[in-house]
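Chains as they are written, first to last, in our numbering: chain E, 8 to 139; chain B, 8 to 139.
Now the structure itself:
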């Protein structure tokens, strides 16, 4: 066999594998998308998780069943963003996740996730908007 | 002069111009980034704004002074995402904005913005996280 480097996995494929594996509770595949020292940030709560095993555990232990549909994926170089529509029980929410990959391994090194929740619009701009 | 098409503005440059002009209250430049029939969605409130003039008015009328720093921009084809850290008075928040541009004009046709707010983390995962 020739000695050659395997091509790096495409970051879009890695991000797709991340979400597909999380949804399927396939933690072996999920872990394969992550760098050992991955960092996962939730800026809304100020929580940070260090390392593949803690992040994997965080997802495994998630207390509710959920189903997610990836609405959009934008990838540029080693940076990617996904926008998910998530159903958790009777609740529906959006999740926006920023990913950074290691250029030498293609594995995910930094993940930052936002879970914006519904809120009442301020008054005074009803003349400019419609509701949907 | 030769008859030639001007090259399309790079979507990264358009998105940078959008935020810079909004921050500078330069509505002439701001409007030049937008397609006539641009749609602006705020999924958290279910508000939708149709058209350049209504969107421009929406931003002009914003009732508070704000300052934004663009933390990340990811661009792929005619799709872009920005992540902003925004200071509004004493409040700090994040804004994540998805942009779609018209391939023939480079102008922004669809903008969807999320403004995730801080929340208290659920209990039961303190052993996996640190706070920052």
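We put the beta carbon where it would ideally sit given N, CA and C, even for glycine.
| Check | Outcome |
| --- | --- |
| Interface partners of residue 105 (chain B) on chain E, CB under 7 Å | 79 and 90 |
| Contacts that residue 56 (chain B) makes with chain E (C-beta to C-beta distance below 7 Å) | 135 and 136 |
| Start-to-end residues for the alpha helix (DSSP H) that takes in residue 20 (chain B) | 18-31 |
| Nearest-angstrom Cα separation, counted from residue 92 (chain E) out to residue 136 (chain B) | 25 Å |
| Spatial distance of residue 8 (chain B) from residue 86 (chain E) (CA atoms) | Residue confidence for residue 8 (chain B) is low, a pLDDT of 46 falling below 50, so the modelled location carries little weight and cannot support an answer. |
| Three-state secondary structure (DSSP) of residue 62 (chain E) | helix |
| Per DSSP, cross-strand counterpart(s) of residue 93 (chain B) | B:75 and B:100 |
| The stretch 106-115 of chain E in contact with the stretch 35-43 of chain B per 3-pair CB rule at 8 Å | no |
| Helix, strand or coil at residue 136 (chain B) [DSSP, three-state] | coil |
| Beta-carbon proximity list for residue 56 (chain B), same chain, < 6 Å, skipping 5 on both sides | 47, 62 and 65 |
| Residue 108 (chain E) vs residue 116 (chain E) beta-carbon contact at 8 Å | yes |
| Check whether residue 101 (chain E) and residue 106 (chain B) have beta carbons under 8 Å apart | no |
| Test: residue 67 (chain E) CB closer than 8 Å to a CB of chain B | no |
| Sub-8 Å separation of residue 75 (chain B) and residue 30 (chain B) beta-carbons | yes |
| Residue 43 (chain B): first and last residue of the uninterrupted beta strand (DSSP E) it sits in | 41-49 |
| Beta-carbon contacts of residue 54 (chain B) that lie in its chain and below 8 Å, excluding the five residues immediately before and after | 48 |
| Inter-residue Cα distance where the pair is residue 25 (chain B) and residue 36 (chain B) | 8 Å |
| Spatial distance of residue 99 (chain B) from residue 128 (chain B) (CA atoms) | 18 Å |
| Nearest residue (CA-CA) to residue 94 (chain B), options B:23, B:124 and B:17 | B:124 |
| Contact set for residue 19 (chain B): own chain, Cβ-Cβ below 8 Å, skip 5 residues either direction | 80, 82 and 87 |
| Anticipated Cβ contact below 8 Å, residue 126 (chain B) with residue 52 (chain E), distance rounded | 6 Å |
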